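Chains as they are written, first to last, in my numbering: chain A, 396 to 660; chain B, 396 to 660; chain C, 396 to 660.
Below, the structure written as structure tokens:
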């Protein structure tokens with residue numbers, strides 16, 4: 396299978412259907428996440444009240460549960476929304492931001508993971524913390540490389556029956572049996588806040604239009620990585636880079652797709 | 396009356412007085428809303444605690460109540476603030492984001508509307524949901540064109556004694572008797588998050604400096620639409636477009652005003 | 396002492412160590428604050444739940460407590476975090492946004508100030524309100540110039556044994572005995588939301604790597620001011636200016652340092 400063709404087909408479908416991505420996500424990431432979803436062709440909606448999350452999941456094509464900024468009331472809403480997505484068979488993606496940094500964060504991430512998300516996307520430390528392998532998160536940054544977390548990711552994927560993505564300089568995506576690597580992106584992406592959260596949201600949008608969630612996840616990460624490379628083509632500090640990244644998602648075409656590097660591991 | 400002259404006079408007054416716009420608005424829109432208000436010459440303040448909203452309304456020149464991201468505590472604050480604005484005779488603008496999408500959202504929007512806002516601004520589906528005409532919101536996007544919602548807008552305006560704006564490819568602004576159309580803006584505006592919310596905030600700023608709220612509303616929408624046209628003059632993806640839109644609001648001058656198209660309907 | 400050399404040394408250390416800045420800050424400022432910290436070389440984390448703030452302070456190198464968007468639950472978290480930072484001897488910076496505007500805000504700011512922050516940074520009206528000298532805040536903008544607030548700042552610094560920074564066209568930084576002025580920055584900085592909040596976060600990052608907090612504070616304010624001057628070199632509306640400001644923080648080099656103007660008062 397040519398993974399690029401699959402990713403391109405998924406992106407075209409995404410732009411035709413404009414999936415509604417219900418995002419329960421952190422305050423820091425809301426602006427860039429919504430704009431990244433709009434730029435790629437999806438429709439974002441940020442809805443978090445316990446009073447309405449379940450009903451809203453019924454309208455959405457996919458759900459994001461991102462624990463970046465937590466509070467007990469939001470955690471309740473996350474559980475309600477995840478349960479409803481599960482019962483409706485809608486894809487939902489867990490972003491365990493900062494798992495491993497505090498007990499509250501690790502416990503919340505693990506409790507949500509037990510609801511069997513369709514995909515989990517985190518950095519190496521977060522995935523290792525979720526898998527019980529390490530408590531090595533520094534704030535919300537990873538203290539490990541993605542490859543170090545690969546075995547944890549595979550174990551977690553098998554245990555939960557889901558896809559796990561560990562993102563870093565190289566991204567790894569696994570369902571426990573198959574593993575893909577995505578070798579796109581640039582270092583400047585670590586100097587713009589919430590691009591990991593935006594990656595999670597793009598994964599949800601792709602999962603809404605592609606049944607093979609391993610490929611959907613790799614495709615979404617590849618698209619973001621390539622957009623990063625396009626944004627970095629001429630010199631750009633992090634302010635300019637962020638602007639161009641949104642432009643690149645919007646412009647993403649068959650030509651851009653050619654530099655996507657997805658491979659079997 | 397030349398509507399452009401009126402709008403231009405209002406904008407000049409806005410820049411002289413720099414009205415303080417108290418915004419109880421959603422998390423997604425806070426950055427762009429505050430920056431749009433600053434760019435046009437107003438002063439934003441986001442204050443939502445039940446403990447202080449009433450006191451803060453007393454300091455403000457106008458109030459925005461935007462229900463984009465709801466929770467019961469915020470809804471309480473919205474009611475307190477709206478009631479105080481009403482009793483002080485200060486203009487306040489309701490943005491019923493996502494009315495029609497969930498019962499909680501529709502009920503909240505209707506309850507707030509009963510407090511008789513000065514202006515209501517929404518997309519077609521939201522205005523129709525508020526008027527009881529339809530339940531046709533898809534997430535926070537409209538499933539209807541603005542012209543389809545015009546009768547709902549007129550009925551709502553007459554019922555509540557307020558101005559109602561339905562925004563879309565063409566915007567309509569009505570007080571139930573008079574109706575104006577604003578034919579500015581570009582499609583790219585739908586690819587940047589929270590420009591509808593920003594429109595609502597600009598309406599509040601204009602309403603603070605112009606007694607005729609029908610004209611104030613049309614003028615604010617016209618200014619944002621023209622700024623969108625200026626921002627789109629050279630090619631721009633949504634990242635670049637958003638940046639230029641803020642620049643265009645700041646630079647808005649008599650020359651830009653010439654392309655504003657406000658007409659009687 | 397050459398203050399520029401000190402500031403440059405601090406910036407180099409900041410970039411080597413990448414201090415983790417735990418920010419309990421307002422919703423409006425989260426995106427720009429996180430991006431400003433990343434641009435200069437620090438690591439931001441926004442964590443506010445009562446359930447985890449104390450544990451997170453233990454991981455952080457500095458703490459920001461910014462009262463821009465208040466609620467009782469967040470105020471509880473602010474107190475817990477500030478107390479923990481105090482007991483661990485970690486620097487923490489208080490930003491009393493809007494102190495003087497409402498009683499809730501003034502009281503909250505004063506209660507937090509009693510926990511003896513390492514640094515307080517505010518505009519003139521906020522510092523005067525905190526010192527009990529005036530109730531003259533207009534929303535979140537200052538109704539006074541920084542120099543008018545200097546005596547209040549000195550009194551407050553002596554009373555609390557902390558550094559107090561009053562920012563404005565010229566910034567003043569005092570520990571009650573010594574006072575420095577920082578004469579950088581451009582007027583366009585008042586047209587971009589939350590640059591004051593971003594200044595506070597940069598102060599925290601500098602305080603994490605420099606023991607002399609008077610100098611650390613002046614250095615941080617100088618860096619932001621110079622970055623503003625760089626961003627304004629060619630014409631820029633507030634949208635473009637904000638983008639270039641982040642670029643300028645990232646690029647900040649010995650050449651940029653040459654225009655920093657820190658002086659004894």
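By construction, the Cβ of each residue, glycine as well, lies at the ideal position given by its N, Cα and C atoms. What you are looking at is a predicted structure, and each value in this text was computed from that prediction instead of being measured.
How would you call residue 628(C), buried or exposed, if buried means at least 16 neighbouring beta carbons within 10 angstroms?
Residue mapping note: residue 628(C) aligns to position 233 of the third chain, counting from 1. The residue is exposed, with fewer than 16 neighbouring Cβ atoms inside 10 Å.
Between the region 407-423 of chain B and chain C, which residues of the former have CB atoms less than 8 Å from a CB of the latter, in chain order?
Those residues of the region 407-423 of chain B placed with their C-beta closer than 8 Å to a C-beta in chain C are 415, 417 and 422, ordered along the chain.
Contacting positions in the region 638-656 of chain B - beta carbon closer than 9 Å to chain C
638, 639, 640, 641, 642, 643, 644, 645 and 646
So, is residue 630(B) buried or exposed, given that buried needs 16 or more other C-beta atoms within 10 angstroms?
What you label residue 630(B) is simply residue 235 of the second chain in a count that begins at 1. Its Cβ having fewer than 16 others within 10 Å, residue 630(B) is exposed.
Along the beta strand (DSSP E) that carries residue 658(A), what are the first and last residues, could you check?
As a first step, residue 658(A) must be located in the first chain, where it is residue number 263. Here the beta strand (DSSP E) through residue 658(A) covers 657-659.
Would you mind giving the Cβ-Cβ distance between residue 643(C) and residue 488(C), rounded to the nearest angstrom? I have them listed as a contact below 8 Å.
Residue mapping note: residue 643(C) aligns to position 248 of the third chain, counting from 1. Residue mapping note: residue 488(C) aligns to position 93 of the third chain, counting from 1. Actually they are not in contact, since the Cβ atoms of residue 643(C) and residue 488(C) sit about 22 Å apart, beyond 8 Å.
Could you spell out where the alpha helix (DSSP H) holding residue 569(B) opens and where it closes?
Within the second chain, residue 569(B) is the residue found at index 174, counting from 1. No alpha helix (DSSP H) contains residue 569(B), which is instead part of the beta strand (DSSP E) from 566-569.
Could you work out which residue in 412(B), 577(B), 636(B) and 552(B) is closest to residue 511(B) when comparing CA atoms only?
Position 116 of the second chain holds residue 511(B). When only C-alpha atoms are compared, the closest one is 552(B).
By the 8 Å beta-carbon criterion, what residues does the region 457-488 of chain C contribute toward chain B?
The region 457-488 of chain C vs chain B, Cβ under 8 Å: 463, 464, 465, 466 and 467.
Counting C-beta neighbours from all protein chains within 10 Å, is the total for residue 556(A) 16 or more, i.e. buried, or is it exposed?
Taking the first chain and counting its residues from 1, the one referred to as residue 556(A) is at position 161. So residue 556(A) ends up on the exposed side.
Collapsed DSSP secondary structure at residue 515(A) in the structure displayed:
Indexing the first chain from 1 puts residue 515(A) at position 120. Strand, per DSSP.
Compare the C-beta of residue 665(C) with all C-beta atoms of chain B and state if any pair is closer than 8 Å.
With chain C running from 396 to 660 in the structure shown, residue 665(C) is simply not present.
For residue 403(A), which of helix, strand or coil comes out of DSSP?
Position 8 of the first chain, counting from 1, holds the residue named residue 403(A). Looking at residue 403(A) - three-state DSSP - the assignment turns out to be helix.
Would you mind stating whether residue 543(A) and residue 519(A) have Cβ atoms separated by less than 8 Å?
Residue numbering aside, residue 543(A) sits at position 148 when the first chain is read from its first letter. Residue numbering aside, residue 519(A) sits at position 124 when the first chain is read from its first letter. Yes, the Cβ-Cβ distance between residue 543(A) and residue 519(A) is below 8 Å.
Per DSSP, the bridge partner or partners of residue 497(B)
Residue numbering aside, residue 497(B) sits at position 102 when the second chain is read from its first letter. Beta-bridge pairing links residue 497(B) to 494(B).
Of all the residues that make up the region 593-620 of chain C, which are near chain A by a beta-carbon distance shorter than 9 Å?
none
Residues of chain A with a CB under 9 Å from the CB of residue 536(B): which are they?
One-based indexing of the second chain puts residue 536(B) at position 141. Within 9 Å Cβ-Cβ: 413, 415, 438 and 440.
Which listed residue (625(A), 550(A) and 537(A)) has its alpha carbon closest to that of residue 585(A):
Taking the first residue of the first chain as position 1, residue 585(A) is located at position 190. The option with the nearest alpha carbon to residue 585(A) is 537(A).
Grab the span of the alpha helix (DSSP H) containing residue 464(C) for me, first residue to last.
Taking the third chain and counting its residues from 1, the one referred to as residue 464(C) is at position 69. Taken as a continuous stretch (DSSP letters only), residue 464(C) belongs to no alpha helix (DSSP H), as it is neither H nor E.
Based on Cα-Cα distance, which residue from 466(C), 513(C) and 652(C) lies nearest to residue 477(C)?
Along the third chain, one-based indexing puts residue 477(C) at 82. When each option's Cα is compared against that of residue 477(C), the closest is 513(C).
Could you tell me if the beta carbon of residue 607(B) falls within a distance shorter than 7 Å of some heavy atom in the ligand ATP?
Although the ligand ATP was asked about, the structure shown includes no ligands whatsoever.
Pair within 8 Å by beta-carbon distance, residue 575(C) and residue 597(C):
To locate residue 575(C), count along the third chain from 1; it is residue 180. To locate residue 597(C), count along the third chain from 1; it is residue 202. Not a contact, by the Cβ cut-off of 8 Å.
What separation, rounded to the nearest whole angstrom, lies between the Cα atoms of residue 505(C) and residue 569(B)?
As a working note, residue 505(C) is residue 110 in the third chain. As a working note, residue 569(B) is residue 174 in the second chain. Straight-line Cα distance between these residues: approximately 47 Å.
Counting only the same chain and skipping the five closest in sequence on each side, list residues whose C-beta sits under 8 Å from that of residue 408(B).
Translated into positions along the second chain, residue 408(B) becomes position 13. Closer than 8 Å at Cβ, skipping near neighbours: 604 and 605.
Give me whichever residues DSSP pairs with residue 419(A) in a beta bridge.
Here residue 419(A) refers to the residue found at position 24 when the first chain is read from its first residue. Note: residue 419(A) sits in a beta bridge opposite 460(A).
Quick check on residue 578(C): does DSSP put it in helix, strand or coil?
Locating residue 578(C) in the third chain gives position 183, where the first residue counts as 1. Of the three classes helix, strand and coil, the one that applies to residue 578(C) here is coil, per DSSP.
Residue 429(B) CB to nearest chain C CB: under 8 Å?
Here residue 429(B) is taken as the residue at index 34 of the second chain, counted from 1. For residue 429(B), the answer is yes, since a Cβ of chain C falls inside 8 Å of its Cβ.
What residues of chain A sit near residue 426(B), judged by a beta carbon separation below 7 Å?
For the purposes of this step, residue 426(B) is identified with residue 31 of the second chain, where counting begins at 1. By Cβ distance, chain A contributes 426.
Taking any Cβ of chain B, which residues in the region 494-525 of chain C have a Cβ under 7 Å from it, in chain order?
496, 497, 498, 499 and 500
Does any residue of chain A bring its CB to less than 8 Å from the CB of residue 631(C)?
For the purposes of this step, residue 631(C) is identified with residue 236 of the third chain, where counting begins at 1. Among the residues facing chain A, residue 631(C) is not included, as its CB has no counterpart in that chain under 8 Å away.
Just how far apart, CA to CA, sit residue 425(B) and residue 401(B)?
By 1-based counting over the second chain, the position of residue 425(B) is 30. By 1-based counting over the second chain, the position of residue 401(B) is 6. Near 29 Å, if we compare the C-alpha coordinates of residue 401(B) and residue 425(B).
So is residue 527(A) in contact with chain C if we call contact Cβ pairs under 8 Å?
Locating residue 527(A) in the first chain gives position 132, counting from the first residue. Not closer than 8 Å to any Cβ of chain C, the Cβ of residue 527(A) fails to qualify, so no.
Give a yes or no on whether the minimum CB-CB distance between residue 634(C) and chain B is below 8 Å.
Start at 1 with the first residue of the third chain, and residue 634(C) comes out as number 239. Residue 634(C) counts as touching chain B.
Which listed residue (483(A), 486(A), 465(A) and 479(A)) has its alpha carbon closest to that of residue 497(A)
Counted from its first residue, the first chain places residue 497(A) at position 102. Checking every option, the nearest Cα to that of residue 497(A) belongs to 465(A).
Would you kindly work out how many angstroms separate the C-alpha atoms of residue 406(A) and residue 637(C), rounded to a whole number?
In the first chain, the residue the question calls residue 406(A) occupies position 11. In the third chain, the residue the question calls residue 637(C) occupies position 242. C-alpha separation (whole angstroms): 31 Å.
Classification of residue 397(C) by the beta-carbon crowding that lies within 10 angstroms, buried from 16 upward:
Looking up residue 397(C) in the third chain gives position 2. Exposed is the call here.
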